[in-house]
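Start counting the sequence shown at 328; every next residue gets the next number (the numbering used here).
Right, one structure below, let's go through it.
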Amino acid sequence: MKNILVPTDFSKQAKYALDFAAVIAKKASAKIKLVHVLEVPSSSSLHVTGEVESDDPMEKIFTIKLIESSERRLAELAASVSGVKVETHIHSGSPFKVLTHEINDSNVDLVVMGTSGSSGIDELTVGSNAEKMVRHSTSPVITVKSPIMGEIKNIVFASDFAEDQPALVEQLKLLQTFFGAKLHVVKINTPHDFHASHDDVINMDTFIKKYKLENTSRSIYNDLSEEEGIMHYANDIKADLIAMGTSGRTGLGHFFLGSIAEDIVNHAKRPVWTYRLHK
Numbered sequence: 328m329k330n331i332l333v334p335t336d337f338s339k340q341a342k343y344a345l346d347f348a349a350v351i352a353k354k355a356s357a358k359i360k361l362v363h364v365l366e367v368p369s370s371s372s373l374h375v376t377g378e379v380e381s382d383d384p385m386e387k388i389f390t391i392k393l394i395e396s397s398e399r400r401l402a403e404l405a406a407s408v409s410g411v412k413v414e415t416h417i418h419s420g421s422p423f424k425v426l427t428h429e430i431n432d433s434n435v436d437l438v439v440m441g442t443s444g445s446s447g448i449d450e451l452t453v454g455s456n457a458e459k460m461v462r463h464s465t466s467p468v469i470t471v472k473s474p475i476m477g478e479i480k481n482i483v484f485a486s487d488f489a490e491d492q493p494a495l496v497e498q499l500k501l502l503q504t505f506f507g508a509k510l511h512v513v514k515i516n517t518p519h520d521f522h523a524s525h526d527d528v529i530n531m532d533t534f535i536k537k538y539k540l541e542n543t544s545r546s547i548y549n550d551l552s553e554e555e556g557i558m559h560y561a562n563d564i565k566a567d568l569i570a571m572g573t574s575g576r577t578g579l580g581h582f583f584l585g586s587i588a589e590d591i592v593n594h595a596k597r598p599v600w601t602y603r604l605h606k
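Here it is, written out as structure tokens:
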């Protein structure tokens, strides 16, 4: 974990994410790449050298002022982090596309980003940038909604344990080892997808033994939905972090089936670590 990407829109949630990323970076002797994406006027273009082109002089002035303001705020954020190397970068365009490019081209090991979540019609039609990153990022993503106080000592890992996911478990074990945390493996039973506890216990024990998980507990938790069950269970045991694999579904498949991990990112108050499952 040597390169940590932290997107910022200068919101308080983004600052919470930067503070948490700094804790991780210090522990891992990693550097932080702090990125702000400008959505400049449609007729303007921003070169990698920082030069602005526009047919409208007033629009060009506005964009230059916006860049100057963003550079100042980025410098202030970087200065607020001590004991960690922080690189600042400004890009223009779609935040999701820019961040995806950064992940693929900069050997990013972890993304830490703030989110306020989304709900209602926004959740169905627009979604948050964090939700898109969770769905598409090839690197693990930690989403943060509030200040993270204290150490990460208890991690909840929720799954149906129906498929082999060695890449996911490898990343999960690295996460657990890094924080020195206890891993709480949980299967959520719901009225619409109910399984006998005996079968679930066998599947969970097989999973734990196969992947040689240590410092681990297992539980079966009943609730009305998987999303609510994961959040209620995490609350019951006072977990510090929720960890999940995400399907990475897109298009109609995502619309109709959804993704529990993305729902958790939108609604959970705790930080959420996600890793996209590779088929």
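Glycine is no exception: its CB is placed at the ideal position from the N, C-alpha and C atoms.
In the DSSP assignment, Glu414 is bridged to Lys360. Ala406 counts as exposed, since fewer than 16 other beta carbons sit within 10 angstroms of its beta carbon. In the displayed model, Pro493 falls within a helix according to three-state DSSP. If the five residues before and after Arg400 are omitted, its C-beta is found closer than 7 Å to the C-beta atoms of Phe337, all from its own chain and listed in chain order. Your pair Ile417 and Ser443 does not check out as a contact, with CB atoms roughly 22 Å apart and the cut at 8 Å. Proximity to Glu553 across Ala588, Val496 and Pro422 peaks at Ala588, based on C-alpha coordinates.
By the neighbour-count definition (other C-beta atoms within 10 Å, threshold 16), Ile591 is a buried residue.
With respect to the C-alpha of Ser574, the residue from Asn330, Phe389 and Met460 having the closest C-alpha is Met460. The C-beta distance from Val439 to Ala348 rounds to 4 Å, short enough to meet the 8 Å contact threshold. Taken in chain order, the complete beta strand (DSSP E) segments of 3 residues or longer contained in the segment 548 to 604 are 568 to 573 and 599 to 603. Proximity to Ser473 across Leu437, Gly556, Asp346 and Ile535 peaks at Asp346, based on C-alpha coordinates. The DSSP-derived three-state label of Ser419 is strand.
Taking each of Phe484, Asn530 and Pro334 in turn and checking the Cα distance to Thr543, the smallest one comes out for Phe484. Beyond the five residues adjoining it in sequence on each side, Asp527 comes within less than 6 Å, by CB distance, of Lys514 and Ile547 in the same chain, given in chain order.
Beta-bridge annotation (DSSP): Gly441 is paired with Val471. Secondary structure note for Val350: its alpha helix (DSSP H) is the uninterrupted segment Lys339 to Ala355. Leu426 is not bridged by DSSP to any residue.
At the C-beta level, Ile430 and Leu332 come within 8 Å of one another.
The three-state secondary structure of Asn456, taken from DSSP, is helix. By the CB criterion at 8 Å, Leu540 and Leu510 fall inside the cutoff. A distance below 7 Å between beta-carbons, with the five flanking residues on each side excluded, links Gln492 to the following residues of its chain, in chain order: Gly572 and Leu604. Gln340 places its beta carbon 8 Å or farther from that of Val425.
Here the C-alpha atom of Asp520 lies approximately 10 Å from the C-alpha atom of Asn549.
Bounds of the alpha helix (DSSP H) holding His525 are Ser524 to Lys537.
For Ala355, the closest of Val496, Val411, His363 and Ile388 by C-alpha to C-alpha distance is Val411.
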